[in-house]
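2 protein chains.
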Amino acid sequence: MPATALFYGLSAFPLTPADDQGRVDTNTLARLLDRLCEARVDSIGLLGSTGVYAYLTREERRRAVAAAVDCVSGRAPLIVGVGALRTDQAQALARDAEAAGADGLLMAPVSYTPLTQDEAYEHFRAVASVSDLPLCIYNNPGTTHFTFGAELLGRLSEIESIRAVKMPLPVNGDFAGEIAPLRARTRFAVGYSGDWGMAASMLAGADAFYSVLGGMLPQPALALVRAAQAGDAEEARRIDATLAPLWDAFKVYGSLRVMYALLGILGLGTAAPPRPILPLGSDVQRGVASAVEPLLDR
Amino acid sequence: MPATALFYGLSAFPLTPADDQGRVDTNTLARLLDRLCEARVDSIGLLGSTGVYAYLTREERRRAVAAAVDCVSGRAPLIVGVGALRTDQAQALARDAEAAGADGLLMAPVSYTPLTQDEAYEHFRAVASVSDLPLCIYNNPGTTHFTFGAELLGRLSEIESIRAVKMPLPVNGDFAGEIAPLRARTRFAVGYSGDWGMAASMLAGADAFYSVLGGMLPQPALALVRAAQAGDAEEARRIDATLAPLWDAFKVYGSLRVMYALLGILGLGTAAPPRPILPLGSDVQRGVASAVEPLLDR
Numbered sequence: 001m002p003a004t005a006l007f008y009g010l011s012a013f014p015l016t017p018a019d020d021q022g023r024v025d026t027n028t029l030a031r032l033l034d035r036l037c038e039a040r041v042d043s044i045g046l047l048g049s050t051g052v053y054a055y056l057t058r059e060e061r062r063r064a065v066a067a068a069v070d071c072v073s074g075r076a077p078l079i080v081g082v083g084a085l086r087t088d089q090a091q092a093l094a095r096d097a098e099a100a101g102a103d104g105l106l107m108a109p110v111s112y113t114p115l116t117q118d119e120a121y122e123h124f125r126a127v128a129s130v131s132d133l134p135l136c137i138y139n140n141p142g143t144t145h146f147t148f149g150a151e152l153l154g155r156l157s158e159i160e161s162i163r164a165v166k167m168p169l170p171v172n173g174d175f176a177g178e179i180a181p182l183r184a185r186t187r188f189a190v191g192y193s194g195d196w197g198m199a200a201s202m203l204a205g206a207d208a209f210y211s212v213l214g215g216m217l218p219q220p221a222l223a224l225v226r227a228a229q230a231g232d233a234e235e236a237r238r239i240d241a242t243l244a245p246l247w248d249a250f251k252v253y254g255s256l257r258v259m260y261a262l263l264g265i266l267g268l269g270t271a272a273p274p275r276p277i278l279p280l281g282s283d284v285q286r287g288v289a290s291a292v293e294p295l296l297d298r
Numbered sequence: 001m002p003a004t005a006l007f008y009g010l011s012a013f014p015l016t017p018a019d020d021q022g023r024v025d026t027n028t029l030a031r032l033l034d035r036l037c038e039a040r041v042d043s044i045g046l047l048g049s050t051g052v053y054a055y056l057t058r059e060e061r062r063r064a065v066a067a068a069v070d071c072v073s074g075r076a077p078l079i080v081g082v083g084a085l086r087t088d089q090a091q092a093l094a095r096d097a098e099a100a101g102a103d104g105l106l107m108a109p110v111s112y113t114p115l116t117q118d119e120a121y122e123h124f125r126a127v128a129s130v131s132d133l134p135l136c137i138y139n140n141p142g143t144t145h146f147t148f149g150a151e152l153l154g155r156l157s158e159i160e161s162i163r164a165v166k167m168p169l170p171v172n173g174d175f176a177g178e179i180a181p182l183r184a185r186t187r188f189a190v191g192y193s194g195d196w197g198m199a200a201s202m203l204a205g206a207d208a209f210y211s212v213l214g215g216m217l218p219q220p221a222l223a224l225v226r227a228a229q230a231g232d233a234e235e236a237r238r239i240d241a242t243l244a245p246l247w248d249a250f251k252v253y254g255s256l257r258v259m260y261a262l263l264g265i266l267g268l269g270t271a272a273p274p275r276p277i278l279p280l281g282s283d284v285q286r287g288v289a290s291a292v293e294p295l296l297d298r
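In order, the protein sequence lines correspond to chains A and B.
So for the first sequence, full-length UniProt numbering puts the first residue at 1; every next one is plus one.
So for the second sequence, full-length UniProt numbering puts the first residue at 1; every next one is plus one.
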């Protein structure tokens, strides 16, 4: 797997099902991963925000990675989230992921005390220094509340193993106006997340889309990305429109809660989100079931 | 210690000195706590944000509480921060704190996935259900990014053991206009944090101030609070003015980084903040030393 291919196309982000003590259910995880491999997603983003990495211990994250490598090895490249509040923890997680056979790393600048640009730089540099795996910067201000300045991304681009950035949707919707300067300033493959921006970002020429829905229902996400990659804007927008009710639910309830609802609706598992995050109420779940119904092959 | 007295006056928040592996230096911690007891602060807020609770393991937090109880027992009431991302973790920390001999709990709604109001309510309810200790809600949007609605605070006030709230400084500076409705809606003792608002909040009639500087230099913080409690606005403002250069440093560099600098400047310890948080540069440290110089008895 050349690093240059790792951060392109559709990266699918599955849940990490676990019990109420935070112990990962590796059987259900393998079931989710099998679906992604069979659909031929371009990569799997294990232990992303949707994979509730922040809520799992190092040991459980190690168990999840080992189970995922067993399941997907040779079928899809595996990108593993190694974000942690402490630099030494993130380094340990990066070592664990590499030792277990991951293909790449994804890391958000998780913080409690807000970090400076220099602190984030040193954090990434320290983690990149302990692993040879290609790393994608996980720029997710919705959860980390950290904002990467353009200069910081430029400095991080000088670190050999840092190869990609996963961006939040631009507030003004101007993907092209963001991608061009990012490419001018960095060597990074530029991807986005925030599923309702999947069509627009890929049509604007993004290299990758890091998709929550793709981790549960890979077919429509993959069809959308393939259409956009082929330059078929009409088809990409048509598929996007069929997903609009789900995007609406993502925006109102948070994509993570919707995914846990879908896990049950699709009969794939019974895991609940880690508390304090609560399952959606039954009325909302019925709405999610209606939104997803037209997407299912019967 | 009646619960009603616990959340009043000056609560001093010390650092939790630790090595670069996150192992707490209980000797240096005891040295800091001794200073607070000798100054006769009204309470000690162990393992607050300044006590880097978010960066320490359960075991190290347990060690810190045990060392603190040994040091301060009978000399100052001990409030212990039990915030954690997972509800079960926060419950375990509350049980640990109570078993070790803490007098009260302080808890922030720490989150990665942003929490709903209901989720925060259930999180507090669950933690309050495992301990009889009085609990103070730690409303700290600067680190948690969670905003308590007025209705949520009202609901939390119905939980018997939740007795107080630690508020961020009001954006519009109108303490009185915030305290009155809070008192109308809740049974809580109302306190504030953000040290540059210490004089204004206490003069406006707040019940408590949760102070970062008070955890390192208790005398000026205590003198300010005592003046305000006595209604001596002129003296409170005079002391506040002597602290202005420190407040400026807090605003620019973050109070946590300034406190680690002060630890060294005062010759009290050599601990650095947990990485990724970096120590201040030597030029900034010299500025902090100048700001604190007039406050020291020589």
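Positions of the beta carbon are idealized from the N, C-alpha and C atoms, including for glycine.
Under 7 angstroms from the C-beta of residue i: neighbouring residues of chain B
i        : result
Leu278/A : Asp118, Glu119, Glu122
Ala54/A  : Leu85, Tyr112
Thr143/A : Tyr112, Thr113
Amino acids of chain A, ordered along the chain, whose beta-carbon sits closer than 9 angstroms to that of residue i
i        : result
Gln21/B  : Asp88
Tyr210/B : Residues of chain A passing the Cβ test: none, with the nearest at roughly 16 angstroms.
Residues that residue i contacts on chain A, provided the C-beta gap is smaller than 8 angstroms
i        : result
Leu115/B : Pro276, Ile277
Rounded straight-line distance, which links the Cα of residue j to that of residue i
i        : j        : result
Ala128/A : Ala289/B : 35 angstroms
Asp195/B : Val212/B : 7 angstroms
Thr147/A : Tyr112/B : 15 angstroms
Arg58/A  : Ala261/A : 26 angstroms
Lys251/A : Ala18/A  : 24 angstroms
Arg62/A  : Ile137/A : 20 angstroms
Leu152/B : Arg155/A : 43 angstroms
Ala5/B   : Asp240/B : 25 angstroms
Ala120/B : Pro109/B : 6 angstroms
Ser11/B  : Ala206/A : 51 angstroms
Arg135/B : Val130/A : Sequence inspection shows Leu at residue 135/B; the Arg mentioned does not correspond to that position. Going from the Cα of Leu135/B to the Cα of Val130/A covers about 42 angstroms.
Met1/A   : Ala76/A  : In this predicted model, Met1/A has a pLDDT of only 46, less than 50, meaning its place in the structure is not dependable enough to derive any value.
Arg185/A : Tyr210/A : 22 angstroms
Ser157/B : Ala204/B : 22 angstroms
Asp132/A : Asp25/A  : 29 angstroms
Min CB distance residue i to chain B below 9 angstroms
i        : result
Thr147/A : no
Ala94/A  : no
Pro17/A  : no
Ala12/A  : no
Ala39/A  : no
Ala126/A : yes
Pro181/A : no
Cross-chain neighbours of residue i in chain B, by beta carbon under 8 angstroms
i        : result
Leu217/A : Simply none; closest approach about 20 angstroms.
Ser49/A  : Tyr112, Thr113
Contacts around residue i, its chain only, beta-carbon distance under 6 angstroms, and the 5 residues preceding and following it disregarded
i        : result
Ile277/A : none
Gly81/A  : Leu47, Gly48, Tyr53, Leu106
Ala100/B : Val65, Ala66, Val69
Within-9 angstroms CB hit, residue i to chain A
i        : result
Gly254/B : yes
Ala64/B  : no
Pro168/B : no
Pro109/B : yes
Pro273/B : yes
Residue-chain proximity (residue i, chain D), Cβ-Cβ < 9 angstroms
i        : result
Ala102/A : In summary, chain D is missing from the structure at hand, where the protein chains are A and B.
Residues near residue i by beta carbon distance below 8 angstroms, same chain, minus five either side
i        : result
Thr50/B  : Phe13, Pro14, Leu15, Val212, Gly215, Ser255, Leu256, Met259
His145/B : Ser111, Pro114
Pro168/A : Asn139, Asn140, Pro141, Gly142, Tyr192, Ser193, Gly194
Own chain partners of residue i with C-beta closer than 7 angstroms, once the 5 adjacent residues on each side are dropped
i        : result
Thr270/A : Gly264
Val72/A  : Leu33, Cys37, Ile44, Leu78
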